[in-house]
Amino acid sequence: MKLFLKKISALFIVFVALAMLMSFGSLYFLRHSSFYKSSFLVNQVPQDNFDYVILGASDGLTTLNTKVIDSVLSIEGLNLSMDDTSLSSHYLMLQHFLAEGKQTKYCILVSSASGFDTYTNTLNNNDYRFLMYTNRAYVTEYYKQFPDTRAKILYYSKWMPQLGVSYYNAELFYPSLMSLLKPEKRNHFDDKGNFTYPVLNKTNQEITEFKAVSVEFSNPYVARIMTLCNENNIELICYFPPHESKKAIIKSSEYHFINHSSTLTNTAYFYDEIHVNHVGRQLSSLNFAETFRTYKTND
Amino acid sequence: MRNFIFKVILFSILIVVSFLYLYSKRSNPLVDNFTTHNNNYEIINLGNSHGANIKYRDNKGKRFQRAGNTLYYDLQNYKYLQEHLVDNAMVIIPVSYFSFGLDENRTDYIDPNAFVNYYYMFLPSSSIYNYSFKKNIQVYLNKVKENYHSVIDERFFLVEKKVNDSLSLEEKLEHHAKMRSETHKIMAEYSDPEKNVIYLSALIEDIIKNGHQPVLLTMPYADHYNSKFSEAWLDEHYYQYMNKIIDTYQVPYLNYSVDERISTNDSLFSNSDHLNDKGRIYFSDILFEDLRKIQVLNQ
Amino acid sequence: MLFNSIDFAIFLPIVFALYWLLTRYPLRAQNSLLVIASYVFYGWWDWRFLSLILFSTVVDYCIGVYLNKLSDDRKRKYLLWTSIGVNIGLLMFFKYFNFFVDNFVTAFTFFGAAIKPTSLNIILPVGISFYTFQTLSYTIDVYKRKLEPTHDFIQFSAFVSFFPQLVAGPIERATSLLPQFTMKRKFDKIQAADGMRQILWGLFKKIIVADNCAKYVNVIFENYETMSGSSLMLGAVLFAFQIYGDFSGYSDIGIGTARLFGFNLMQNFAFPYFSRDIAEFWRRWHISLSTWFRDYVYIPLGGSKGSILFQIRNVFVIFLVSGFWHGANWTFIVWGAINALLFLPLLIGKRNRVHKDIVAKDSSLPSFFDFVKILMTFILTCIAWVFFRSDTISDAYHYLAKMINISAFDYPIELQTYVYVFLVFFVIMEWLGRRQQYAIEKTLINYPRFFRWSFYYAITMIIFLYGGETQNFIYFQF
Amino acid sequence: MLFNSIDFAVFLPIVFALYWLLAKYPLRAQNSLLVIASYVFYGWWDWRFLSLILFSTIVDYSIGLALNKTSEDKKRKRLLWTSIVVNIGLLMFFKYFGFFVDNFVTAFTFFGAEIQPNNLNIILPVGISFYTFQTLSYTIDVYKRKLEPTQDFIQFATFVSFFPQLVAGPIERAKHLLPQFEVKRHFDSNFAMSGVYLIIWGLFKKVVVADNCAFFVNQIFNGSSSYSSAELVLGAVLFGFQIYGDFSGYSDIAIGVARLFGFSLMVNFSFPYFSRNIAEFWRRWHISLSTWFRDYVYIPLGGSRGNKSKQIRNVLIVFLVSGFWHGANWTYIIWGAIHAMLFLPLLIFKRNRTYVDQYTITYKQLPKIVTTFLLVTLAWIFFRADTATHAINYIIDICRFESLSVVTFYKNGKSLLFSVIIVVSILVMLAFEFKSVQKHQKEVILSPYMAIFIAILITFMGVFKNPSDFIYFQF
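Protein chains in written order, with my numbering: chain A, -17 to 281; chain B, 4 to 302; chain C, 539 to 1016; chain D, 24 to 498.
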């Protein structure tokens, strides 16, 4: 029995050591790649001061094109949205942005009307993209707060990285192998962090009526993002992207907001119910630039 | 027995041949400068890196200076080059503020034998200061190694980090002057100035004996550099010895250190104590003008 | 005179030629040539050391002769102890005097009395621990009547001062080396070629493996506070390679040169890093020293007879003394103690004789569990080496403590790729040659001559072109 | 409790430690521990299943005893039939009740009568078909006096509910497994190590091969109309590997775990995809089930004695019943029928025993192996399709050949990645199996180095996000 236990422990130790080595290696190469927004921000964004930064999920990613806004207002912007995430991940991205010693005057928080209200205490699908920075306190604290098993796996990856890297092997291990060869490759976003959906042959008809959705900003993360912005004297602006059927109604609230939820009134601009396509993006970016100009002037 | 010795000898010949091949592979610019002469010179100058400020218009004049050179080796270089000079040729001897404080083999370098090993390659063994046969072999081996690595292993030459030159030229010179002056002050007190005086006097006596014309010279420095040296310091470490030699040998002496035509104009300097190309041309014209006056005087 | 210096490169051929010219003359000529050559070799450092070695030779020669004459026991024991007293006394004075003074002072200041120590600046004569142990082994063997003392002083001094193994061992046993001086040596081409090959491999180990690692090890050990955990680990591993390359390189050059002159010295290193447990490691590391301690300290103390407690005491004594022999510093003693602690569980579990044969004798790869054992032993020895290398015990402790934290997973410091390449090549060659006396003794035997020559040519060129800055041999301080 | 779940990873060491701690005590202690562990393992799904297995155990235990006591034939035959009825009845009720009701209703609506079926929502207890067959084999063996019934109820309970093979086989023969419970198990570390390597190999086949294939198979089969014929063929092939990886993976883990406790279970799969004809495929695929049917159905029916038509009838019955055993759906019956059709020509031309003792494969036989594999894949389409019509449409789409693009396998980064992983994992699996086949080994034997390599493959190529169930759990 002793021999069996010795053999088993030898096998187990070597396996764990090898797996740990490989996963640390893959996290290391991910840290030096720009495949995901978290390491893109560290490796491919030389400037340190920005006029505005866009935080959002897939809607933030595809609605505002910072290049258009920058050319119109001749300012410097960066799109840090990540698809399939929620306000909690935007808070984490803001922490990550500040931890890199970068500064911005404005922070554009993009979310649908319901996103500002509903809050589910679960890990988002793409929150694993911060795993390569587990050695930073704010990332592990973020993973620690969620009860579900995926969050636990990511939290314990601080010491046993193979937990996270093998659970998300398709999303972390293989991109790290690829970024070993091409470190500057980005995952579907351009050098300013924007992405757009193609123009499908959608019907071209007017949208006449929108369903009203009231917004109270009850998601606790809005307040947390607000406090973080105030600490670093950043001006927070909540932006409601164009929606094909819903119109956001905001009663008076202490947050600055730009409500463009019903500005695009033709289905031809929409890729699907909540995402605009390439043409829609051009229009909403120009609209946003105009309204954003008024903010810029009065301060 | 004989067979064994034969094999050993054959093997060592093989090694020696490959060494000679590698040795001959790449010539050394400094050594070539001192060894290849296609005509006799009318005017030459010795000295250290400051000696590079002189630019000759035709192949009648040539620079025989070397970065960080010492007065002892100025003497030996002159002895080595004297038969290549036309009679009553002019020999310019630039002397820097710190020249009197240096020891013969520049043992103040980090790698004590880094300075002298170039001289092993062409100067006769009698003129090398505490010459050692072992050291000579070492130098040849290092040269072989250097040639090999420069051909095979580019990484051997460390690429210096690009200093972010956001500083203006003026700030750069100021910063450089502060750093250089401190090291030069240390060098000035490194070893016994008396023996350097002896070497300089021997050099001048040789030049006069051969019927050549010695000219002592102090190179122009930027005001930033000059301002770091107090009058008292200069007298004690520099002018005290220079005046003694000038009086004893009545040697013509040109002092451009604080010449307002050059020192005040920052655009002429590549760093606080070396001229850039534009500066060299401008300074050489002035120098040749003054030299012609001296030559007329002597005739 | 360092083995990897140009002086030796000139000195060796001259002595070689003279030596084999004298074969026609009687034996004494060759031996006296050897003595002169060895004294020139040893005097190259500092001629004043010569007086020391001469004194030690004369004393032990006379004791040897008298021991043989006398027969009553009390006198013989008395003579033996004088020899031990002289040799150990010399060693103690030159090597450990300052150490005892300093500790004596610190002990006293600890109790409040400040004493001004008069520590003389004694330069440690090179190789003193090696030849004192060698002469000591001679007198003890003669005392135990295992050996007839020589009556030819030249022969004895040649034995003591035989230059290939004078400065850093292997510590030859009189019973094995002295007889070789009595016979006439005939030149044997194969043995000479083998000697040249061993010298070449020793130089490779010393210049390429040891010196290149030394460059980084010094950097890491000097400023270990600022280094990441993984660089500290890398530093420990590199030092393990450095000390092995340095010391076994020296032994190989020594054995190789001895073979050129027709002498056979014992194997000092049998690939210790492929051993599967600490007991085997100590049967393969510095064999001459460990066997010396076993024969002249462990067995007289009762060895493995007696109760288990008795054995543990003997083991501790052996390890501490051999640690202390390495240098006058607490770190070496702690290094010995750690090795003793690692050795004890094997001794208690009666498993210290388990791994006698060569690793993976028949297969070309070790079995997986052997591989894990080899890895574990290597890691343990590296941890012990940290104490061996650090200047003070607290340095070593902080070094190890700093190794185990999250930064252990960062990227270690940047090494030039050719260092990795040569280390991997070195490990492969050692593995292929693990059944032989040294790594490349027979690995290339059945290859065509052209291939063998190009291999030696490549190794020689690599030695010249990729050698690290010449560091002197670590073992010279012992 | 799934084998590839964290609860099992915790459960196994605890039981292992307790089991070998009890080695000092009398045999009953170990056996009762096994019973408890098995009931905990089985109850993990749904504790109500426990009552079912307990009932079945008690019935068969008492019948076994009674059979041994009475010697007069008529009584014994009646006891035997009660045991068969009880077991098959349980199976019928839980597994096929819904199926019969639906078909009864469709048959009636076919004739125009509207009946409102009150099918109770019966949840199919996991592994019911496996342990009922196992207890049945016990009673039949006792009836034929091939086996002495056990007097010790605990021993019999452990035999029925031995947790490694409880849920998905291999269906152990009482003659082979029961004696192992009577004798004291001594710990043999090499035997246990071989078990560990087998577990690792089983996990690899399940988590890496099967689950990765599932990614494409589910896509293609659910939307089979919108895929090109090449994709449909590949979908079927991948399902072939998925089901093999899944089921043989499970059996390997079961056998490995049993070895940890000192038991040796029979081999359930001996590299079926290297068989050179259908007959050999059925001698290598799910050996425990096919031998069960051969011993308790085929031979009683007259087996291969009697004239040709009788033999064909027996073969048809065995294939249809074993197909039907797999599930309460026409697709399984058709699947069985297809295999019967493929098997018959070999039987008729007496070539079904040709490769019995030819173990190593020669390259000349490669075309035979590939054709057998394609035929089996054809059958798998029916096995995987939801309904018979779906399977037939699937095959029709394949034969249309209007486009041969395989774009789904590389249309975006993720699917390209999965395709690469699938190709690599299948090649690794076949390589290891080929080595074992050529060396005439009964199972894949991993060396420690290979075990580490496979474990690394599992960590970095395995699918852990939504651990899919073992397919065989529905049977």
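Don't be surprised by glycine CBs; every beta carbon is placed ideally from N, CA and C.
- In the displayed model, LYS65 (chain B) falls within a strand according to three-state DSSP.
- Judged by DSSP in its simplified three-state form, ILE384 (chain D) adopts coil rather than helix or strand.
- The way I'd put it, the segment 710 to 723 of chain C does touch the segment 801 to 819 of chain C; three or more beta-carbon pairs between them come closer than 8 Å.
- One alpha carbon belongs to GLN736 (chain C), the other to ILE997 (chain C), and they sit about 12 Å apart.
- No residue range can be given for TYR378 (chain D), since it is assigned to no alpha helix (DSSP H) and is classified by DSSP as neither H nor E.
- Contact residues of the segment 126 to 160 of chain B toward chain C are LYS137, ILE140, GLN141, LEU144, VAL147, LYS148, TYR151, HIS152, ASP156 and ARG158 (C-beta to C-beta distance below 8 Å).
- Secondary structure note for TYR123 (chain B): it is in no beta strand (DSSP E), and the uninterrupted alpha helix (DSSP H) holding it is 120 to 123.
- When the five nearest sequence neighbours on each side are left out, the beta carbons in the same chain lying within less than 8 Å of the beta carbon of ILE384 (chain D) are those of PHE297, ARG299, ILE392, PHE457, VAL460 and GLN461, in order along the chain.
- The beta carbon of LYS247 (chain B) sits closer than 8 Å to the beta carbons of VAL200 from its chain, once the five residues preceding and following it are set aside; these are given in chain order.
- Within the segment 422 to 433 of chain D, no residue has its Cβ closer than 8 Å to any Cβ of chain A.
- Counting along the chain, ASP598 (chain C) sits inside the alpha helix (DSSP H) bounded by residues 586 to 607.
- Runs of the alpha helix (DSSP H) spanning 4 or more residues and lying entirely within the segment 45 to 78 of chain D occur at 50 to 66, in chain order.
- Check the Cα spacing between CYS920 (chain C) and each of C:ASP900, C:VAL965, C:ASP948 and C:TRP873: the tightest is with C:TRP873.
- Contact between the segment 73 to 81 of chain D and the segment 221 to 239 of chain D is absent: fewer than three C-beta pairs spanning the two stretches fall below 8 Å.
- Approximately 6 Å separates the beta-carbon atoms of GLU254 (chain D) and ILE243 (chain D); this is inside 8 Å, confirming the contact.
- For GLN243 (chain B), the enclosing alpha helix (DSSP H) covers residues 243 to 252.
- Going by beta carbons, LEU170 (chain D) and LEU189 (chain D) fall outside the 9 Å limit.
- Closer than 7 Å at the C-beta level to chain D, one finds these residues of the segment 144 to 164 of chain A: GLN144, SER148, TYR149, ASN151, ALA152, PHE155 and TYR156.
- Residue contact check for VAL(-4) (chain A) against chain C: a CB pair falls below 9 Å.
- Excluding its 5 nearest sequence neighbours in each direction, TYR110 (chain A) has C-beta neighbours in its own chain below 7 Å: LEU136, GLY146, TYR150, GLU153 and LEU154, listed in chain order.
- Near chain A, meaning a CB-to-CB distance below 8 Å, the residues of the segment 215 to 226 of chain D are ALA215, MET216 and VAL219.
- Our two residues, SER576 (chain C) and MET216 (chain D), have alpha carbons roughly 60 Å apart in a direct line.
- Within chain C, the residues whose beta carbon sits less than 7 Å from that of TYR472 (chain D) are PHE906, listed in sequence order.
- DSSP, reduced to helix, strand and coil, places GLY262 (chain A) within a helical segment of the structure shown.
- If you draw a straight line from the Cα of LYS207 (chain D) to the Cα of GLY218 (chain D), it is about 19 Å long.
- Ranked by Cα distance from ALA92 (chain B), the options B:ALA205, B:SER130, B:GLN216 and B:ILE211 are led by B:GLN216.
- Taking PHE176 (chain D) as the centre and dropping the five residues before and after it, the same chain places the C-beta of TYR84 closer than 7 Å to its C-beta, in chain order.
- Residue pairing by DSSP places PHE222 (chain A) opposite A:ASN241 in a beta bridge.
- Pairing PHE103 (chain B) with LEU74 (chain B) gives a Cβ-Cβ distance under 9 Å.
- Not flagged as an interface residue toward chain D: ALA133 (chain A), since no C-beta distance is shorter than 9 Å.
- Classified as buried, MET452 (chain D) has 16 or more neighbouring CB atoms from the shown chains inside 10 Å of its CB.
- DSSP places TYR253 (chain A) outside both helix and strand once states are collapsed to three, so it counts as coil.
- By the neighbour-count criterion, in which 16 or more other beta carbons inside 10 Å mark a residue as buried, PHE455 (chain D) falls on the buried side.
- Around the beta carbon of ARG71 (chain D), a 10 Å sphere encloses fewer than 16 other beta carbons of the protein chains shown; the residue is thus reported as exposed.
- Put simply, the backbone Cα of LYS181 (chain B) is about 20 Å away from that of ASP262 (chain B).
- Closest in C-alpha terms to PHE17 (chain A), from the list A:PHE(-6), A:TYR179, A:ILE(-10) and A:MET64, comes A:MET64.
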